[in-house]
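Undergrad: This structure is in C-alpha cells; I'll ask about it shortly.
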Amino acid sequence: ALVGVCTPGAVLVLLVKPQFEVGKRDVSKGRGVITDPALHDEAISGVRTACENAGLQVVDVVTSPITGAEGNREFLLHAVLPHPREKMNP
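The working numbering puts the first residue of the sequence shown at 2, with every later residue one more than the last.
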C-alpha cells in the first residue's frame with residue numbers, strides 16, 4: 002500500500018520493530034523485548050522480502066541508535082522505489 006503513494010525515485014526509511022514482526026510465541030517469552038539476534042534477523046528478512054515484493058530496492062539496514070525503554074533493538078531500513086526502465090526502441 003505504501004508504494005502506491007510513492008513516486009518513482011522515492012526514498013524511504015522504515016523503522017523495523019522486531020517485537021511486531023515475529024510471532025506472538027517469541028514476543029511473550031521476553032514480555033515484548035526481543036533479544037535473540039536470530040529473531041532480529043528474521044524480522045529484518047521479512048520486512049526486506051515484503052519491500053522487494055512491493056517493487057522497492059533495499060539499499061541498507063542499520064541498527065537504530067535509539068533503543069526502547071526496555072532495551073528493545075530496532076532497525077532502520079533504507080529503500081528506494083526505482084524509476085521504471087525506459088523501453089529501448091527496436
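We treat Cβ as the ideally placed atom computed from N, Cα and C, and that holds for glycine. Since the model is a prediction, treat every value here as computed from it, not as a measurement.
Under the assumption that K18 contacts E75 (Cβ atoms under 8 Å), give the Cβ distance between them as a whole number of angstroms.
TA: With 8 Å as the limit, K18 and E75 qualify as a contact, their Cβ atoms being about 5 Å apart.
Undergrad: Can you tell which of L57, E43, V81, T50 has the C-alpha that lies nearest to the C-alpha of E22?
TA: The shortest Cα separation from E22 among L57, E43, V81, T50 belongs to E43.
Undergrad: With 16 as the cutoff for other CB atoms within 10 Å, does L16 come out buried or exposed?
TA: Its Cβ having fewer than 16 others within 10 Å, L16 is exposed.
Undergrad: Kindly list the residues whose CB is nearer than 8 Å to the CB of G72, restricted to its own chain and excluding five residues on each side of it in sequence; keep chain order.
TA: The answer, listed in chain order, is V34, T36.
Undergrad: Nearest CA to the CA of R86: which residue from C52, P9, A2, V48?
TA: For R86, the nearest C-alpha among the options comes from P9.
Undergrad: Return the CA-CA distance between I45 and H84, expressed in angstroms with no decimal places.
TA: So the two alpha carbons sit approximately 24 Å from each other.
Undergrad: Put D61 into one of helix, strand or coil per three-state DSSP.
TA: In the structure shown, D61 sits in a strand (DSSP, three-state: E or B).
Undergrad: Would you report the Cα separation of R47 and L40, rounded to the nearest angstrom?
TA: The identity of residue 47 in the sequence shown is Gly, whereas the question assumes Arg. Near 10 Å, if we compare the C-alpha coordinates of L40 and G47.
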